[in-house]
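**Q**
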Amino acid sequence: MSRTARIPNLGGAKAFVLHRPHGTVSSIIRQLSAIGLAATDCWPELPAEVLAADFVFFDADLGFDQQFPWAPGRAPMPMIALIGSEAPGRIEWALTHADAQLLKPVGNAGVYSALLIARQNFEARRRLADEIESLRERVAERQTIVRAVAALSARGVDDERAYAQLRSFAMSWQVSLEEAARRIVAMREEDGGDQSHRA
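Count along the sequence shown from 1, add 19, and you get the number used in this note's numbering.
This is the structure in structure tokens:
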């Protein structure tokens, strides 16, 4: 598959431009319309409809965290910073929100590539967040299994036999090993120790 075939069609997407009235806004909206996006400009707040947007452009020079109904780095859509100032503090702030950037003043080009880069970086960020969450869940599940084995070991068997008992419980209850471990741990927390009469 060629690289060109993977470029998404952006026609019909919705974009918001969070920027004070300025020629930059007109240029961006003109380019967005030519690409096929429906664009809405707003300042100083984003409307509630932004949560259904596909992209958000925002002013990195005058923007602030409270303008967004999400935490920095948690936007539910690709974010594009409109940067005019090279003040380190402003750039650092923009980096906490942006998936791509567009330098001001915005001319007659640049918006399309910013959209594609923002979408690609956004999707990579989401994949990474999903992987991290999956790893956290796996670590939590392993900790639960360790706790269940420890609870079963407290009944006078070694860890290997306790793990075998846990597997046996999982098969007899027809649940996953992790679910069986959660049940064992919950039982221990309920009655303070021996699960043999329950299992």
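Glycine residues also receive a C-beta, built at the ideal position from the N, C-alpha and C atoms.
#1: Here's the rule I'm using: 16 or more other beta-carbon atoms within 10 Å means buried, otherwise exposed. How should S46 be labelled?
#2: Consult DSSP for L262 and reduce its assignment to one of helix, strand or coil.
#3: Using C-beta distances below 6 angstroms, list every residue in its chain close to Y182, excluding the 5 sequence neighbours before and after it, in chain order.
#4: Alpha carbon to alpha carbon, how far is R155 from V99? Give it in angstroms, no decimals.
#5: If contact is defined by three or more beta carbon pairs under 8 angstroms, each pair taking one atom from either stretch, is the segment 143 to 150 in contact with the segment 175 to 195?
#6: Let me know if M96 comes out buried or exposed under the rule of 16 or more other beta-carbons within 10 Å of its beta-carbon.
#7: Does the distance from the CB of F76 to the CB of H116 come in under 8 angstroms?
#8: Answer with buried or exposed for V158, where buried requires no fewer than 16 other C-beta atoms within 10 angstroms of its C-beta.
#9: Taking the alpha carbon of E64 as the reference point, which residue from L135, L81 and I48 has its own alpha carbon closest?
#10: Where does F188 fall in DSSP's three states?
**A** This is what the structure gives:
#1: Burial is judged here by how many other beta carbons sit within 10 angstroms of a residue's own beta carbon; S46 has at least 16 and is buried.
#2: This structure leaves residue 262 out entirely; the chain is present only between 20 and 218.
#3: Correct list, in chain order: V168.
#4: Correcting the residue type first, residue 99 is Ile in the shown sequence and not Val. Rounded to whole angstroms, I99 to R155 spans 29 angstroms at the Cα level.
#5: Result no; under three Cβ-Cβ pairs closer than 8 angstroms.
#6: Its Cβ being crowded by 16 or more others within 10 Å, M96 is buried.
#7: No. Outside cutoff.
#8: Exposed, since its Cβ has fewer than 16 Cβ neighbours within 10 Å.
#9: Closest by C-alpha distance to E64, out of L135, L81 and I48, is L81.
#10: Here F188 sits in helix by DSSP.
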